[in-house]
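Only one structure is covered here, and it is reproduced in the block below.
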Amino acid sequence: MQEQEAPCPKNCRLKRSCRLNNLDLPKDLDTTQIITIDGPAASGKSTLGQRLAQALGYLYFDTGVMYRALTWLALQQGISMQDEETLTALAEKVPIEVTQPTQADGRAYDVWIGNQDVTWAIRQPQVDDHVSIVSIYPGVRRALSQQQRRIGLRGKVVMVGRDIGTVVLPEAAIKIYLDASLEERARRRFAERQARGEEVKYEEVLQSLRERDRIDSTRAVAPLRPAEDAVYIDSDGKDLDQVFELALQIVRSRQKQAT
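Residue numbering for the sequence shown follows the working numbering, starting at 69 and increasing by one per position.
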């Protein structure tokens, strides 16, 4: 593969790791140290990913933060969320980095754009309102998938998303597809939002997830689906500990088989 390199902002603290190069699989990479977790919204991917990463000592990487980072930057620059061409160009040229957390303030990782820590900035309500629009653009998805792959190819990572095992890192030896019924996922999301003090109706949450499922499963680029070699986990009727123990057993079994 011909080397590609993304321009780094001046004084970027991550110049070496910002480069979008060497996206082929390194010959000495242990692919059992790349764990992908895909699945629909509110299936519990993030919780499972964090727990697995902590248990294994790996980087936890929720790939959705890259779309949030791009959305935040676009808002800062006054770019319209309907300007697909400009958003795609931005995704192609701006390096986004995800690393182990450097501060004990509740973060699960650091998110950097150049030399700027945007870990909490990307959680602002205005980002919530626009990220779903940005994430459907094919050019944006392709560009950010490259950046996700760059990080994943370092190994010792648990990557969570919707197309990691199928598109971003199909070479990963351990792939999990975490699922639950629409109704179960709506109940969980409804309970989460109530716990945060939000006034919301269950029917609204249910409809929102139904629409998100439709968008994710029918988009032109990287539609949501299990990888052919993914282990399917249905979390209906299982609590968090049961899902975690099952997933950890799968990981350790696959890693043991590879030794």
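No residue lacks a Cβ here, since even glycine has one placed at the ideal position from N, Cα and C. Please read these numbers as outputs of a predicted model, since none were measured by experiment.
In this structure, A176 places its C-beta atom within 8 Å of the C-beta atom of Y128. Note that the stretch 197 to 217 does not touch the stretch 252 to 271; fewer than 3 beta-carbon pairs, one per stretch, sit closer than 8 Å. K224 sits in coil when the DSSP states are folded into three classes, being neither helix nor strand. Sorting A121, V299 and A211 by C-alpha distance to the C-alpha of G107 places V299 at the top.
Membership of Y245 in the beta strand (DSSP E) is indicated by the continuous run I242 to D247. Contact between D130 and S114 holds, with the beta-carbon distance rounding to 6 Å and staying under 8 Å.
For I102, the uninterrupted beta strand (DSSP E) run begins and ends at I102 to D106, by DSSP.
The secondary-structure analysis by DSSP pairs Q184 across a beta bridge with I181. Counting C-beta pairs with one atom in each stretch, the stretch 117 to 127 and the stretch 310 to 325 have three or more that are closer than 8 Å, which means they touch. If you look at T167, you'll find it in the beta strand (DSSP E) that goes I164 to T167.
By the criterion of at least three beta-carbon pairs nearer than 8 Å, the stretch 177 to 189 is in contact with the stretch 137 to 148.
For I301, the enclosing beta strand (DSSP E) stretches over residues V299 to D302.
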